[in-house]
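Encoded as structure tokens, the structure appears first; notes follow it.
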Amino acid sequence: TISMASRLFVLSTCVIIFMAATNTCVEASVQFKVGGSFGWHEPAGTNNTDQLYIQWAERNRFQVGDALVFEYQNDSVLSVEKFDYMNCDASNPITAFDNGKSTFNLDRPGNFYFISGTDDHCKNGQKLLVDVMHPHTVLKSPPPISLPPEGFPPMAPPPSDDQSLEASSASVLLTFMFMSLFVTSVSVMLLAF
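Here the sequence shown is numbered in our numbering, starting from 369 and rising by one per residue.
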């Protein structure tokens with residue numbers, strides 16, 4: 369007969385193998401303090417005033433689920449449409465914050481536009497464009513290195529992105545099904561004793 373400790377050991381080992389085989393990892397969301405140590409305020413008197421928030425956004429990678437934290441005094445932050453961002457028009461915001469510390473959740477891929485609600489601050493560079501990446505970006509395969517010399521049969525064309533995605537999805541599904549079958553089999557064997 370198998371002892372209870374042995375059964376728990378086998379079951380624990382199966383769970384660990386299952387998790388490793390299916391690559392179950394969860395990415396944590398990140399909170400970004402807008403502007404870093406500079407924060408959210410009119411960048412007058414700094415070098416490259418119109419570039420401050422552009423450069424800050426370019427140094428960071430934003431994903432769905434991340435959040436922007438705006439810290440400011442005697443100011444506000446408005447989420448606006450692209451046209452209003454380009455023209456520094458604060459008259460029709462999507463959302464408006466003026467509490468001194470505002471958090472904006474990035475809940476979809478694509479562009480988000482922010483401006484200051486204080487007169488002329490936007491025109492002086494206090495505006496932010498954030499490009500949020502899709503949570504599951506598929507990288508393209510690299511191009512072939514070179515063509516074979518003459519006399520060799522031609523190479524098969526590289527798979528299209530759709531084929532690569534389908535193959536990857538099928539592989540994950542098969543791995544999941546195999547591991548589920550394995551864990552179920554081991555569990556049944558343990559319960560039979």
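Beta carbons are placed, not taken as given, at the ideal position from N, Cα and C, and that holds for glycine.
Note that the structure is a prediction, hence the values are computed from the model and not measured.
Of the residues assessed, Q441 falls on the exposed side of the cut-off, its CB having fewer than 16 other CB atoms within 10 angstroms. Counting the other CB atoms within 10 Å of its CB gives E426 a total below 16, which places it among the exposed residues. Separation of K450 and C490 (C-alpha to C-alpha, rounded to the nearest whole angstrom) is 13 Å. Within a 10 Å sphere around the beta-carbon of P503 sit fewer than 16 other beta-carbons, which makes this residue exposed. A residue is called buried when at least 16 other Cβ atoms come within 10 angstroms of its Cβ; T486 meets this threshold and is buried.
Under the three-pair Cβ rule at 8 Å, the stretch 423-439 does not count as touching the stretch 453-460. Residue nearest to G407 within the set V398, I462, E439 is E439 (criterion: CA-CA distance).
I483 has L446, K495 as its beta-bridge partners, per DSSP. If you draw a straight line from the Cα of V498 to the Cα of F480, it is about 5 Å long. Spanning the alpha carbons of L436 and D488 requires a straight line of approximately 22 Å. As the crow flies, the alpha-carbon of V445 is around 15 Å from that of M454. Residue nearest to D452 within the set L474, I483, K469 is I483 (criterion: CA-CA distance). Counting along the chain, the unbroken beta strand (DSSP E) around A464 starts and ends at 463-465. DSSP lists A435 as the beta-bridge partner residues of Q399. Looking at the DSSP output, S470 bridges to F438.
The DSSP-derived three-state label of G404 is helix.
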